[in-house]
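To start, the structure itself, in structure tokens.
Numbering (this note's numbering), first residue to last: 159 to 320.
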């Protein structure tokens, strides 16, 4: 019984350290400061920052590999673009890129990767994109093609021969 409790404590500590590694790379203060630099309305900036941290934590627990090799600017930039739509506080890719010190290509690649990897976290945003003719064409059709390609690749994963 004592061994089981000790093992559970070690496991829980390892999980906390793993979560802290992502939070050390992308701190709440850093996200909050970036949001406040982008949105003048403090309540919107705080809401977006809080939502971004929640999504980062959910995504990390579901697929920690998503974060491998990606900068905080990449991760937060795409999230901010999507969350701007969620909270009707839209910022264009150039403005986000300029304020975050990255490129508009990074923002575009990031938000598309977030949508492709975690579409269920952004269903409300996807529906808003569907209402916008430009976004519907360039984002949703691209997302549909990538998801379809992923589906096809997954269907060909055959079990290893024994």
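Beta carbons are placed, not taken as given, at the ideal position from N, Cα and C, and that holds for glycine.
Measure from the alpha carbon of residue i to the alpha carbon of each residue in the options, then state which is nearest.
i           : options            : result
residue 277 : 257, 216, 194, 249 : 216
residue 259 : 192, 211, 292      : 192
residue 273 : 229, 262, 239      : 239
residue 205 : 243, 222, 220      : 243
residue 237 : 211, 222, 218      : 211
Hey, how far is the Cα of residue i from the Cα of residue j?
i           : j           : result
residue 290 : residue 249 : 15 angstroms
residue 302 : residue 282 : 16 angstroms
residue 279 : residue 185 : 21 angstroms
residue 261 : residue 255 : 5 angstroms
residue 288 : residue 246 : 15 angstroms
residue 202 : residue 293 : 23 angstroms
residue 194 : residue 187 : 10 angstroms
Using the three-state DSSP reduction, which class does residue i fall into: helix, strand or coil?
i           : result
residue 249 : coil
residue 272 : helix
residue 198 : coil
residue 290 : coil
residue 260 : coil
residue 193 : helix
residue 208 : helix
residue 388 : As shown, the chain starts at 159 and ends at 320. That puts residue 388 outside it, with no answer to give.
residue 188 : helix
residue 321 : With the chain covering only 159 through 320, there is no way to say anything about residue 321.
According to the Cβ coordinates, are residue i and residue j closer than 9 angstroms?
i           : j           : result
residue 232 : residue 208 : no
residue 213 : residue 241 : yes
residue 251 : residue 266 : yes
residue 198 : residue 257 : no
residue 275 : residue 235 : no
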